[in-house]
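Written out below as structure tokens is the structure these notes cover.
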């Protein structure tokens with residue numbers, strides 16, 4: 375499932391999908407399955423934007439906050455982006471609803487942003503290739519939103535970081551591979567086991583203090599829900615040895631998936647806000 379070259383699968387894997395197995399060809403012969411070619415533009419956009427915001431955090435520390443007479447009591451070392459974008463429940467309840475999405479652009483340290491951007495660099499290109507530019511954009515944002523909402527609902531602690539969206543990408547990758555397990559053959563089992571192991575390890579790490587595991591869980595659930603609606607389901611077309619993968623589902627499903635995630639998690643956030651106000 376490389377994003378840089380056509381995928382190659384054993385002939386019997388493709389034959390299972392097409393229900394054809396030419397008897398004159400040995401079953402060990404490899405065929406070329408061409409994947410959709412899409413450069414990871416949205417992935418690089420989020421990488422650049424998140425790094426730019428972090429540089430702004432580094433360059434606009436406490437001195438700038440004092441100079442502008444801002445009050446940021448929720449962050450130990452305040453900076454301008456964090457003052458305006460950190461997930462702070464009290465401020466969200468006061469009407470600053472943009473804080474349900476802006477935390478995905480903020481990070482607390484170089485190590486923090488390093489881990490998250492590395493994960494985005496690894497997962498993003500492959501997912502954007504399969505889900506498309508707009509689909510990947512919707513997946514990233516709605517996963518991040520779902521994670522921040524669950525954090526808002528279940529913990530009072532301020533939080534920040536792109537890991538809510540990253541966990542959504544991990545879930546979406548798992549759903550995609552599961553949906554296309556007949557196409558990817560034995561490698562699907564390997565990838566799915568790897569995704570489960572990575573998720574479990576990171577959830578266990580998230581039990582440590584100062585890590586927002588509820589945000590991770592919300593992002594994972596949001597990404598899984600999005601992918602369950604929007605994940606491509608491929609069919610094999612063409613003739614061996616040169617064949618293509620084509621999504622057999624109708625286009626536009628990413629928007630329905632995004633709407634579903636926004637409605638479910640948005641309604642949960644709205645219910646909490648209205649209940650608190652009442």
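In our numbering, the protein residues as written are 375 to 652.
Backbone N, C-alpha and C fix where the C-beta goes; we use that ideal spot for every residue, glycine too.
Please read these numbers as outputs of a predicted model, since none were measured by experiment.
Quick check: the Cα distance between residue 642 and residue 634, rounded to an integer number of angstroms? Along the chain shown, read from residue 1 onward, the residue named residue 642 stands at position 268. Along the chain shown, read from residue 1 onward, the residue named residue 634 stands at position 260. In a straight line, the C-alpha of residue 642 is about 12 Å away from that of residue 634.
Going by C-alpha distance, which of 433, 529 and 590 is nearest residue 541? Counted from its first residue, the chain shown places residue 541 at position 167. Nearest C-alpha to residue 541: 590.
Inter-residue Cα distance where the pair is residue 461 and residue 483: Numbered from 1 along the chain shown, position 87 holds the residue referred to as residue 461. Numbered from 1 along the chain shown, position 109 holds the residue referred to as residue 483. Roughly 16 Å between the two C-alpha positions.
Does the Cβ-Cβ distance between residue 466 and residue 526 come in under 8 Å? The count along the chain shown starts at 1 and reaches residue 466 at position 92. The count along the chain shown starts at 1 and reaches residue 526 at position 152. Contact: yes.
On the DSSP letters alone, give me the boundaries of the alpha helix (DSSP H) that residue 478 sits inside. Within the chain shown, numbered from 1, the residue matching residue 478 stands at position 104. From DSSP, residue 478 is part of no alpha helix (DSSP H); its letter is neither H nor E.
For residue 529 and residue 592, which I take to be in contact (beta-carbon distance under 8 Å), what is that distance rounded to the nearest angstrom? In the chain shown, residue 529 corresponds to position 155, counting from 1. In the chain shown, residue 592 corresponds to position 218, counting from 1. That belief does not hold up - the Cβ atoms of residue 529 and residue 592 are roughly 11 Å apart, past 8 Å.
Nearest to residue 417 by CA position, among 455, 629 and 505, is which residue? Against the chain shown, residue 417 aligns to sequence position 43. Cα-wise, what sits closest to residue 417 is 505.
Enumerate in chain order the residues of its own chain whose CB-to-CB distance from residue 534 is below 7 Å, with the five nearest sequence positions on each side excluded. Numbered from 1 along the chain shown, position 160 holds the residue referred to as residue 534. Excluding residues within five positions, the ones whose Cβ falls inside 7 Å are 456, 460, 461, 477, 480, 481 and 482.
If distances are taken between C-alpha atoms only, which option among 536, 412, 411 and 427 comes closest to residue 486? Position 112 of the chain shown, counted from the start, is the residue given in the question as residue 486. Of the listed residues, the one whose Cα sits closest to residue 486 is 536.
Does the beta-carbon of residue 490 have 16 or more other beta-carbons within 10 angstroms, so that it is buried, or is it exposed? Taking the chain shown and counting its residues from 1, the one referred to as residue 490 is at position 116. Buried is the call here.
Assign residue 567 to one of two classes, buried (16 or more other C-beta atoms within 10 Å of its C-beta) or exposed (fewer than that). For this step, residue 567 is matched to residue 193 along the chain shown. Exposed is the call here.
Measuring straight from C-alpha to C-alpha, what distance separates residue 473 and residue 559? For the purposes of this step, residue 473 is identified with residue 99 of the chain shown, where counting begins at 1. For the purposes of this step, residue 559 is identified with residue 185 of the chain shown, where counting begins at 1. Between residue 473 and residue 559, the C-alpha separation is close to 42 Å.
Is DSSP giving residue 603 helix, strand or coil here? As a first step, residue 603 is located in the chain shown; it is residue number 229 there, counting from the start. Helix, per DSSP.
Would you check if there are 3 or more beta carbon pairs closer than 8 Å linking the segment 510-526 to the segment 621-640? yes
With burial defined as no fewer than 16 other Cβ atoms inside 10 Å of the residue's Cβ, what is the status of residue 398: buried or exposed? Sequence index remark: in the chain shown, residue 398 carries index 24 (1-based). Reliability fails at residue 398, whose pLDDT of 43 lies under 50, so the model's placement of it is uncertain and the value that follows must be treated cautiously. Residue 398 should be labelled exposed.
Beta-carbon proximity of residue 550 to residue 605, cut-off 8 Å: For the purposes of this step, residue 550 is identified with residue 176 of the chain shown, where counting begins at 1. For the purposes of this step, residue 605 is identified with residue 231 of the chain shown, where counting begins at 1. A contact, by the Cβ cut-off of 8 Å.
Can you have a look at residue 611 and say buried or exposed, based on whether 16 or more other CB atoms are within 10 angstroms of its CB? One-based indexing of the chain shown puts residue 611 at position 237. It is exposed - the Cβ of residue 611 has fewer than 16 other Cβ atoms within 10 Å.
Could you tell me if residue 626 is buried or exposed, where buried requires 16 or more neighbouring beta carbons within 10 angstroms of its beta carbon? In the chain shown, counting from the first residue as 1, residue 626 sits at position 252. Residue 626 is exposed by the Cβ-count criterion.
Run through DSSP, which three-state label would residue 500 get? In the chain shown, counting from the first residue as 1, residue 500 sits at position 126. Correct three-state label for residue 500: helix.
Proximity below 8 Å, CB of residue 414 to CB of residue 502: One-based indexing of the chain shown puts residue 414 at position 40. One-based indexing of the chain shown puts residue 502 at position 128. Yes, the pair counts as a contact, with Cβ atoms nearer than the cut-off.
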